[in-house]
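Trainee:
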Amino acid sequence: MELTPKSHIFVTNLIILAITAVLTILYVATRAILGTHDLYYRTWIIVMGDIVSYVLLPLVVLAVPITGAVQWKRNRYKQRGGTVAVVLASVLVAVAVFVYSCMLFLLFVFTAGEEFEKEQIFGDGIIEGVREESYGFESYNVYHYYEPVAFFLKKPYEPLSHALEQRASEAYGEAFVVCEEDKELEPQRSLELYTLYSVEHPEFLMHMFAGKSVYGISDDYLQARANWLLGQNEDFMEIARLPREVSAEEAKNPTERLWKGPKVLIFTEEHGERVAGIIAQAIAQVLEDEAFQTESYKNAEITLLTWYSNYKSEIIIPIADYVDADWIKMEIAEDFACYAQSVEAEEEPSEESGQLAETDTSTPQTVEGAYLCLYEEVFKLQGEPYEYSYNAKGNFYASLSDGSKIPPGGEQELRTERTVVYDRISKNGKCHLFVYYENYYNEDGTEYAMTIRNTYAVDMETGEVIPSEKHAWADIGTDAYQTATGEN
């Protein structure tokens, strides 16, 4: 029987199916092949390719039963059952389309962020692609940088340091350059954090993440700029200490290399009140900088280290408009009130604590008894006082006599404080470990430096004292110390 002019719907469906199948095969195959050569489709091509492959092709396939039933009905219009076949095929296809659409929707919700990169152009035609990646039940954005190839392809931009320079310069309105050390390292290994310096002010350093991890492309620009500006304030620098640059080798965690705020040491409440005005004036001067006038969220701070006798704590002072001398004094007063409460709490059970100390020193299995062994072996021979206490967190420490001396690398004599601080139980569980510190202070009370004079292990069974001869955490202890503790 010849087909009528209206009976070609099934053939048309097959032609469309063949075209979409060929396009899908070409898209999937070329995408995989290009990926092996570090070439990738632009996002708009991926969107079109996924629509053809995962939306249009399945719909055309599902339409085959309906178009086949329609054509069968048209070719056999004199026979019964054609309408029933069309209706039955339509119902079955409708159910299949509904189920597939639900699955496709769920797949899109959970994978769209990973499949489709958000692209934007900046700098010298650099493409920044933002993609969502999952880490357990959480997700975060990662950033990749590409160089356009033709109008539908892209390849990874190299060197990455140049892309970060462009991004930093565009974000903050001044030229930045990645340091030479990072430029030399990036061909050898993948760097997570880069150090950049300002072209106009080379002493101004900042750090920027490469965008490959959970940190995205965050940086410490505002804190770095605040530190740089504060470093130019002579009055502030007389009472403060700026943090030093931490190398990648020193930082186990990349975030440890990010700039922290300057630190100001406070010894008494009166001392804090005297320096509050200097700190407030320095903050006001920083806020005059253009970078802090345009940023609604000013992520920079100054840290006050309060040290009242045995009590130590930190007060975070934000670089913000509402911070003035009165606000800083109020924060110091509240901290001093906490110190006063801790002193009262320590003084209440004086008789009981004396009995407990006498009992605790009877065996080196206790911290107090272990320190008594250390004192008798080392510090008593030096004429040091036998004084120990606990800080607000309950940590044991012993105070030795104060003095004055020239610090390593220094030129003038400074006041010193020496303490022995309990560290922990050794790795093998056989010894108590103590650290012997010496702190140097400037005339205004700010800390100049802190050194480790030695560390000691005290055997909990015999009371034997084993010095490590370590003067830094990275040092390796003596053979006797390693044997006694089971560690370096």
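Residue numbers (the numbering used here): 9 to 496.
Glycine included, C-beta positions come from ideal geometry on N, C-alpha and C.
#1: Among Thr371, Ile287 and Cys381, which residue has its Cα nearest to the Cα of Gly269?
#2: Less than 9 Å between the beta carbons of Thr311 and Ile323, yes or no?
#3: Do Leu22 and Val95 count as a contact pair if the criterion is CB distance below 9 Å?
#4: Could you tell me if the beta carbon of Phe275 falls within a distance shorter than 8 Å of some heavy atom in the ligand FAD?
#5: Kindly list the residues whose CB is nearer than 6 Å to the CB of Ala97, restricted to its own chain and excluding five residues on each side of it in sequence; keep chain order.
#6: For Met458, collect the residues of the same chain with a Cβ closer than 8 Å to its Cβ; drop the 5 residues on either side in sequence, then sort them by chain order.
#7: By DSSP, does Cys187 sit in helix, in strand, or in coil?
#8: What residues match up with Glu395 in a beta bridge as DSSP calls it?
#9: Would Gln363 be called buried (16 or more neighbouring beta carbons within 10 Å of its own) or exposed?
#10: According to DSSP, is Thr44 part of a helix, a strand, or is it coil?
#11: Within 10 Å of its beta-carbon, does Trp315 have 16 or more other beta-carbons around it, so buried, or fewer, so exposed?
#12: Around the C-beta of Ile33, are 16 or more other C-beta atoms found within 10 angstroms, so that it is buried, or is it exposed?
#13: Entirely within the stretch 164-251 and at least 4 residues each: give me those alpha helix (DSSP H) ranges in chain order.
#14: Find the nearest neighbour of Pro475 within the set Thr486, Leu168 and Ile59, judged by alpha-carbon distance.
#15: Hey, how far is the Cα of Glu281 from the Cα of Asp343?
#16: From this set, Ala482, Glu296, Thr424 and Ile325, which residue's C-alpha is nearest Ala284's C-alpha?
#17: With DSSP run on the structure shown, which of helix, strand or coil describes Pro372?
#18: Return the CA-CA distance between Leu168 and Phe217, expressed in angstroms with no decimal places.
#19: Decide if the stretch 106-115 is in contact with the stretch 52-72; the criterion is three or more beta carbon pairs, one per stretch, under 8 Å apart.
#20: Ala104: which of Pro66, Glu141 and Phe124 sits nearest, CA to CA?
#21: Alpha carbon to alpha carbon, how far is Glu122 from Thr276? Give it in angstroms, no decimals.
#22: Taking Cβ positions, are Glu127 and Thr51 nearer each other than 9 Å?
#23: Taking a contact to mean a Cβ-Cβ separation below 9 Å, would you say Gln231 touches Asn307 in this structure?
#24: Would you report the Cα separation of Cys439 and Ala480, rounded to the nearest angstrom?
#25: Ignore the nearest five residues each way along the sequence and tell me which others in Glu366's own chain have a CB closer than 8 Å to its CB.
#26: Where does Glu155 fall in DSSP's three states?
#27: By a C-beta neighbour count over all protein chains shown, 10 Å radius and 16 as the cutoff for buried, is Met338 buried or exposed?
#28: Is the distance from the Cβ of Leu273 to the Cβ of Gly453 below 9 Å?
#29: Cα separation between Ala492 and Asp227?
#30: How far does the alpha helix (DSSP H) with Asp58 in it reach, from first residue to last?
#31: Straight-line CA distance for Thr302 to Ala465?
#32: Just verifying my parser: in three-state terms, what is the DSSP assignment at Asn307?
#33: Buried or exposed, going by whether 16 or more other CB atoms sit within 10 Å of the CB of Thr28?
#34: Name the DSSP beta bridge partners of Pro326, please?
#35: Assuming contact is defined by CB atoms lying nearer than 9 Å, are Glu189 and Lys220 in contact in what I supplied?
#36: Return the residue from the list Pro416, Arg432 and Ser198 that minimises the CA-CA distance to Val375.
Mentor: Considering the structure as presented:
#1: Ile287
#2: yes
#3: no
#4: Inclusion of the ligand FAD in the displayed structure is not the case, the ligand content being empty and no account of it being possible.
#5: Pro73, Ile74 and Ala77
#6: Cβ-Cβ distances below 8 Å link Met458 to Tyr445, Glu446, Asn447 and Tyr448 in the same chain, with the five nearest sequence neighbours on each side left out; the list follows chain order.
#7: coil
#8: Residue pairing by DSSP places Glu395 in no beta bridge whatsoever.
#9: Below a pLDDT of 50, predicted positions are generally treated as unreliable, and Gln363, at 39, falls in that range; no measurement from the model is reported.
#10: Correct three-state label for Thr44: coil.
#11: buried
#12: With fewer than 16 other Cβ atoms within 10 Å, it is exposed.
#13: Taken in chain order, the complete alpha helix (DSSP H) segments of 4 or more residues contained in the stretch 164-251 are 168-180, 188-193, 229-238 and 242-245.
#14: When Thr486, Leu168 and Ile59 are compared, the shortest CA-CA separation from Pro475 is found for Thr486.
#15: 12 Å
#16: Ile325
#17: Coil.
#18: A straight-line Cα-Cα distance of about 11 Å links Leu168 and Phe217.
#19: yes
#20: Pro66
#21: 55 Å
#22: yes
#23: In this structure, Asn307 lies closer than 9 Å to Gln231 by Cβ.
#24: 20 Å
#25: Residue confidence for Glu366 is low, a pLDDT of 45 falling below 50, so the modelled location carries little weight; the figure read from the coordinates is stated next. Within the same chain, Glu366 has no close Cβ partners at all.
#26: It is a strand residue.
#27: Exposed, because fewer than 16 other Cβ atoms sit within 10 Å of the Cβ of Met338.
#28: Yes, the pair counts as a contact, with Cβ atoms nearer than the cut-off.
#29: 44 Å
#30: Thr51 to Ile59
#31: Straight across, the Cα-Cα distance linking Thr302 with Ala465 is about 54 Å.
#32: coil
#33: buried
#34: Glu309
#35: no
#36: For the residues Pro416, Arg432 and Ser198, the minimum Cα distance to Val375 belongs to Arg432.
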